[in-house]
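Below is one structure; the comments refer to it alone.
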Amino acid sequence: MPLYRLLSSPLSIKNQVVIFLIAGITVMTIAISFITTKGVNQQYRELMLNNARQITEGLAKQSVFSILSGSSQNAQDAMNQVEGFQSVVAARLVLEDQSVFTSKGQYPESIEQQQSGLDNKTTQTKILVESDEYWLIKTPVIISSSMSDQDENEFELSVEDNPKDQVIGYAEVIYSKASLKQSQKQVAIIITSVGFVAVLLLSLLMHIGLVILFRPLEQLSKTMQISQKTGDHIFAPVEGAKEIRRMARSYNSMMAVLDEQEDRLKQHRDQLEAEVDIRTRELVQARDSAIMASKHKSEFMANMSHELRTPIQSIIGYGELVVEELELEGNFDLIDDMDKITTNSQRLLSMINSLLDLAKIEAGKIEVKYSEVSIDEVQQSVTDIIKPLAEKNHNHFEIITNTEISKFNTDQEKLEQVLLNLLSNACKFTENGKVTLLISEENKQLNFDIKDTGIGLSPEQQQYIFDEFRQVDGSQARQFSGTGLGLAISKRFVELLNGRLSVQSELGQGSTFTVNIPV
Amino acid sequence: MKWIQYYTFCISLALGMSFAVYAEPLTIVYPDVKAPYDKIFQQITQGIESEFPDEVIHLKLPSKFDAKEVAKKITTNKMVALGNRGMMIAKQVYLDMPVVVGALPIKPNGISGVSLMASPNVLFNSLNELAPKVTTVTVLYTSASAWIIDVAKEQAKLRGLKLNPIPVDDIRTAAQAYDEVFEGENLESMAIWLPLDPVTANKVIVPVILEKAWANKMVVFSSKPTHAKRGALFSAMPDNEMLGKQLARMVATVDYKKRPSTVKPLSNIELAVNLRTAAHLGYNYDSNERAKFSLTFPK
Chain A
0 MPLYRLLSSP LSIKNQVVIF LIAGITVMTI AISFITTKGV NQQYRELMLN NARQITEGLA
60 KQSVFSILSG SSQNAQDAMN QVEGFQSVVA ARLVLEDQSV FTSKGQYPES IEQQQSGLDN
120 KTTQTKILVE SDEYWLIKTP VIISSSMSDQ DENEFELSVE DNPKDQVIGY AEVIYSKASL
180 KQSQKQVAII ITSVGFVAVL LLSLLMHIGL VILFRPLEQL SKTMQISQKT GDHIFAPVEG
240 AKEIRRMARS YNSMMAVLDE QEDRLKQHRD QLEAEVDIRT RELVQARDSA IMASKHKSEF
300 MANMSHELRT PIQSIIGYGE LVVEELELEG NFDLIDDMDK ITTNSQRLLS MINSLLDLAK
360 IEAGKIEVKY SEVSIDEVQQ SVTDIIKPLA EKNHNHFEII TNTEISKFNT DQEKLEQVLL
420 NLLSNACKFT ENGKVTLLIS EENKQLNFDI KDTGIGLSPE QQQYIFDEFR QVDGSQARQF
480 SGTGLGLAIS KRFVELLNGR LSVQSELGQG STFTVNIPV
Chain B
0 MKWIQYYTFC ISLALGMSFA VYAEPLTIVY PDVKAPYDKI FQQITQGIES EFPDEVIHLK
60 LPSKFDAKEV AKKITTNKMV ALGNRGMMIA KQVYLDMPVV VGALPIKPNG ISGVSLMASP
120 NVLFNSLNEL APKVTTVTVL YTSASAWIID VAKEQAKLRG LKLNPIPVDD IRTAAQAYDE
180 VFEGENLESM AIWLPLDPVT ANKVIVPVIL EKAWANKMVV FSSKPTHAKR GALFSAMPDN
240 EMLGKQLARM VATVDYKKRP STVKPLSNIE LAVNLRTAAH LGYNYDSNER AKFSLTFPK
């Protein structure tokens, strides 16, 4: 398993550490065992080789006299002594010409074969042949020019006065590797066993130690897990190693903070809920009161309008009678005054009608009467009323029809009232300009665009012109008479006809009011 | 009064002549060696100083040196050279001044001196005293030790000993000769003399000789103390101080132009005796006799 996968595996940190440590110890023990075995074996080999060299050199020293004297009998003691060594298989003394002087034991065939092709002359002790089973050590038998040991050389004549060292033969010893192999095998077994036991013991100790060491961490982890599952703020025991205690303290602090915050949130929530409840009740109450008040207002206005219209109509009626009588009498001075009374009475009646319409709309008492309506009739009706109004402000009025529909179902009275209201507004706010009614068809809708070249509306004004009792401003209200209810009523009427009333305008550039009516 | 004046003049002349002989300083060149060998050279130089009346200059030679350069530094007209290193210096100057060599087994070869080769006279005397049953002395010699054999023959004859000198050319013939000796008869009455010869007393064959001699109850004597230590009955060691004196006398009188040179065997000796070997051979020495031994083995 790659390391990064192990790190992100579902294993616990304790188990991961145990795996790491055991793996480390195992690798280390194997490496140490291998190196130690190798080292010990090498050392043992060197020791055995040294021993073999010493035996061979000893034989060579002891054989000097026998070779010099040419008597193999003299060498028997030395040969017997060498053969007495456990690992010595065979020994041989050969002369300078490689002829065998004396021998003991049987040379293995493999050694004989390998030796036959070699240069057998040597001036120092060396391994002449090495096979899997044997060493053949060879050393020269030398006679020294010196009479004594090195320390005493000062009392001897120098070399030039004495004969030089001379090789008179060779001592060969076949040394078996059996005991070396046996020993190496034993060393390997012992070291492997010790290593194996060491790994087991260390692993066990490590496991116990780590279980104890990681128990607090595991406890902390479990506490966190329970807290996560249940959502409870459970506190962990503060124990174990320094880092774990620090983690537990931090976790506990976090839990305490969460507890505190949750308490505060609860308090806030309860408070808010209580406030919302109160406000809701107040709003319901206010809404109910407002609905009731509006209803009463509408009812009052409807009643009042009706009651107001009756006397006004009487005034108008009687005024007309008075005018007729004054005309007959020729009293024209009073006729002008009476005309003013009539005109103002008409305006008052119109205002009262408007209020009545609005009140009816709000009270839901207005009815839509659908009937087949001819476009030509509508044009005619509108032209009759608007044309004089247009001329009053020196405006040019025209109607452009761009539709194949000639008849459609709608409430003719309300449609005409809307168009008249919009066109009269256009004529009122346009001077020496042009007022156009464009009738067109689009997507099963009839569009009535009332376009003028008048004073226009600012974007702000466009926001509130459809509100009740609102005119663009006081000064204009004075300049242009009106109740401020026309557009509001028109919008309500269009909506009652399932249509839509909108405006596009720019201050000083004129306005276009569009009425969309489904057909 | 004339005879008194004449007598006084003669005495003054004699003293003057004697002063002329001794009135020159002497250089001793010898190796700078470690203990215990330094003591040997110390004893020899003490002997020289005690015998030589004038100034004695010591020149110690390190293990490596340039012999010619060292020879140039010698300012005296006489020199005693000791040991192998001393011999190397002697070879540089022996044709120009009186030089004698000591502490080496030299033979008459151009440079005079006292050889470490013990005098047969004193050796045979010791043999007679320590091994009276011996009647025959066998000695193997090469050209290096041949010069002493003639003297040995005479000295043996004087003491009723039969000297059996066997000339050999090399170690091989020496070994064969020794082997034949050990195969002979009456070995118990025979002694083997190991002279200071690199062939006949070579270290590789001496142990075998000693071993075979032990087995055959033969007496072996030599001029190396280590031989006694290893099993020879006795070895003759030089009396170093006496050797020094002998060298001082010799350098005062030697004629360095004379050929062949004068080489004398070592006559002042001390004895190293192996008491175990003696006991093995059947010899026991009383305290008076033991008092004469300078060294006994085993210690």
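From first to last, the protein sequence lines stand for chains A and B. Once you know that position 269 of the first sequence is 268 in numbering that gives the first Met the number 0, the rest is easy, because the numbers rise by one and skip nothing. Once you know that position 218 of the second sequence is 217 in numbering that gives the first Met the number 0, the rest is easy, because the numbers rise by one and skip nothing. Don't be surprised by glycine CBs; every beta carbon is placed ideally from N, CA and C.
Secondary structure of Gly46(B), DSSP reduced to three states: Numbered from its first residue, the second sequence carries residue 46(B) at position 47. Correct three-state label for Gly46(B): helix.
In chain B, which residues lie with their C-beta within 7 Å of the C-beta of Val63(A)? Locating residue 63(A) in the first sequence gives position 64, where the first residue counts as 1. Residues of chain B passing the Cβ test: Val203 and Ile204.
Chain A contacts from the segment 142-172 of chain B (Cβ-Cβ distance under 9 Å): Ala143, Asp169, Ile170, Arg171 and Thr172
Of the residues Leu445(A), Thr452(A) and Glu415(A), which one's Cα is nearest the Cα of Thr429(A)? Counting from one through the first sequence, the residue named residue 429(A) turns up at place 430. Closest by alpha carbon: Thr452(A).
Just the chain B side, please: which residues come within less than 7 Å of Ile142(A) by C-beta, in chain order? Here residue 142(A) corresponds to residue number 143 of the first sequence, with the count starting at 1. By Cβ distance, chain B contributes Ile170, Asn201 and Val203.
Closer than 8 Å, Cβ to any Cβ of chain A: which residues of the segment 180-202 of chain B, in chain order? Leu195, Asp196, Pro197, Val198, Ala200, Asn201 and Lys202
Extent of the continuous beta strand (DSSP E) run through Leu25(B): For the purposes of this step, residue 25(B) is identified with residue 26 of the second sequence, where counting begins at 1. Looking at the DSSP string, the run of the beta strand (DSSP E) that includes Leu25(B) is Leu25 to Pro30.
Which one of Arg258(B), Ala70(B), Thr75(B) and Thr199(B) has the shortest CA to CA distance from Asp84(B)? As a first step, residue 84(B) must be located in the second sequence, where it is residue number 85. According to the sequence displayed, residue 84(B) carries Arg and not Asp. If we check each option's Cα against that of Arg84(B), Ala70(B) comes out closest.
Thinking just about the alpha-carbon of each residue, which of Tyr463(A), Asp410(A) and Gly483(A) is nearest to the one in Asn424(A)? Reading the first sequence from its first residue, position 425 is the one you call residue 424(A). Selected option, being the one with the closest Cα: Gly483(A).
Does the distance from the CB of Ser222(B) to the CB of Ala117(B) come in under 7 Å? In the second sequence, counting from the first residue as 1, residue 222(B) sits at position 223. In the second sequence, counting from the first residue as 1, residue 117(B) sits at position 118. Yes.
Element boundaries [beta strand (DSSP E), containing Arg256(B)]: For the purposes of this step, residue 256(B) is taken as the residue at position 257 of the second sequence. The displayed chain sequence assigns Lys, not Arg, to residue 256(B). Taken as a continuous stretch (DSSP letters only), Lys256(B) belongs to no beta strand (DSSP E), as it is neither H nor E.
Would you identify the three-state DSSP class for Val237(A), choosing helix, strand or coil? By 1-based counting over the first sequence, the position of residue 237(A) is 238. Of the three classes helix, strand and coil, the one that applies to Val237(A) here is coil, per DSSP.
DSSP three-state label for Ile404(A), please. The residue labelled residue 404(A) in the question sits at position 405 within the first sequence. It is coil, neither helix nor strand.
What does Trp213(B) pair with, by DSSP beta-bridge criteria? For the purposes of this step, residue 213(B) is taken as the residue at position 214 of the second sequence. Note: Trp213(B) sits in no beta bridge, so no partner.
Report the neighbours of Gly57(A) on chain B: residues whose CB is nearer than 9 Å to its CB, in chain order. Numbered from 1 along the first sequence, position 58 holds the residue referred to as residue 57(A). Those within 9 Å of Gly57(A) in chain B number zero; the least Cβ separation is about 12 Å.
Thinking C-beta only, is Ala66(B) closer than 7 Å to Leu81(B)? Taking the second sequence and counting its residues from 1, the one referred to as residue 81(B) is at position 82. Taking the second sequence and counting its residues from 1, the one referred to as residue 66(B) is at position 67. Cβ atoms of Leu81(B) and Ala66(B): not closer than 7 Å.
Extent of the continuous beta strand (DSSP E) run through His57(B): As a position in the second sequence, residue 57(B) is number 58, starting the count at 1. Its beta strand (DSSP E) spans residues Val55 to Leu60.
Reference Asn79(A), options Phe64(A), Lys103(A) and Val99(A), closest by Cα: In the first sequence, the residue the question calls residue 79(A) occupies position 80. Closest option to Asn79(A), Cα to Cα, is Lys103(A).
Take Glu319(A) as the anchor and find which of Thr435(A), Arg308(A), Lys339(A) and Asn302(A) has the nearest alpha-carbon. Here residue 319(A) refers to the residue found at position 320 when the first sequence is read from its first residue. The option with the nearest alpha carbon to Glu319(A) is Lys339(A).
Three-state class that DSSP yields for Lys137(A) in the structure shown: The residue labelled residue 137(A) in the question sits at position 138 within the first sequence. Here Lys137(A) sits in strand by DSSP.
If we define contact as Cβ-Cβ less than 7 Å, is Gly82(B) a contact residue for chain A? On the second sequence, position 83 is the one that residue 82(B) refers to. Interface criterion met: the Cβ of Gly82(B) is under 7 Å from a Cβ in chain A.
Taking all protein chains shown into account, do 16 or more other C-beta atoms lie within 10 angstroms of the C-beta of Phe296(B), making it buried, or fewer, making it exposed? Translated into the one-based positions of the second sequence, residue 296(B) becomes position 297. Label assigned to Phe296(B): buried.
Report the neighbours of Pro30(B) on chain A: residues whose CB is nearer than 8 Å to its CB, in chain order. For the purposes of this step, residue 30(B) is taken as the residue at position 31 of the second sequence. Chain A residues near Pro30(B): Glu153.
Could you give the distance in angstroms between the alpha-carbon of Gly473(A) and the alpha-carbon of His267(A)? Position 474 of the first sequence holds residue 473(A). Position 268 of the first sequence holds residue 267(A). Low confidence applies to Gly473(A): its pLDDT is 49, below 50, so where it sits in the model is not reliable enough to give any reading.
Along chain A, in chain order, which residues have C-beta atoms closer than 7 Å to that of Val207(B)? As a working note, residue 207(B) is residue 208 in the second sequence. Simply Phe64.
When the distance is taken between beta carbons, is Leu422(A) closer than 7 Å to Ile399(A)? By 1-based counting over the first sequence, the position of residue 399(A) is 400. By 1-based counting over the first sequence, the position of residue 422(A) is 423. It is not a contact, given that the beta carbons lie outside the stated cut-off.
Write down the C-beta distance between Tyr169(A) and Val198(A) rounded to the nearest angstrom, noting that I regard them as a contact closer than 8 Å. Taking the first residue of the first sequence as position 1, residue 169(A) is located at position 170. Taking the first residue of the first sequence as position 1, residue 198(A) is located at position 199. The Cβ separation is near 51 Å, so there is no contact.
Status (buried if at least 16 other CB within 10 Å, exposed otherwise) for Ser65(A): The residue you call residue 65(A) lines up with position 66 of the first sequence. That one is buried.
Can you give the beta carbon distance from Gly507(A) to Gly455(A), rounded, assuming they're within the 8 Å contact cut? Translated into the one-based positions of the first sequence, residue 507(A) becomes position 508. Translated into the one-based positions of the first sequence, residue 455(A) becomes position 456. Yes, they are in contact, since the Cβ atoms of Gly507(A) and Gly455(A) sit about 5 Å apart, within 8 Å.
Please classify Gly491(A) as buried or exposed, where buried requires at least 16 neighbouring CB atoms within 10 angstroms. Locating residue 491(A) in the first sequence gives position 492, where the first residue counts as 1. Gly is not the amino acid found at residue 491(A); the sequence shown has Arg there. Classification for Arg491(A): buried.
So the candidates are Gln227(A), Gly363(A), Leu212(A) and Leu445(A); which of them puts its Cα closest to the Cα of Ile12(A)? Start at 1 with the first residue of the first sequence, and residue 12(A) comes out as number 13. With distances taken between Cα atoms, Ile12(A) lies closest to Leu212(A).
Chain A within 7 Å of Asp178(B), Cβ atoms only: Against the second sequence, residue 178(B) aligns to sequence position 179. At least one chain A Cβ lies under 7 Å of Asp178(B).
Quick check: is the beta carbon of Ala117(B) nearer than 7 Å to any beta carbon in chain A? As a position in the second sequence, residue 117(B) is number 118, starting the count at 1. Against chain A, the CB of Ala117(B) has no partner CB under 7 Å away; the residue lies outside that interface.
Starting from the C-beta of Val138(B), find all residues in its chain whose C-beta is less than 6 Å away, skip the five residues before and the five after it, and write them out in chain order. Here residue 138(B) refers to the residue found at position 139 when the second sequence is read from its first residue. The residues are Pro164 and Trp192.
Proximal chain B residues relative to Gly69(A), where beta-carbon distance stays under 9 Å: Your numbering for residue 69(A) matches position 70 in the first sequence. What Gly69(A) touches in chain B: Arg171, Ala174, Gln175 and Asp178.
Bridge partners of Ser313(A), per DSSP? Here residue 313(A) refers to the residue found at position 314 when the first sequence is read from its first residue. The partner list for Ser313(A) (beta bridge, DSSP) is empty, contrary to what the question assumes.
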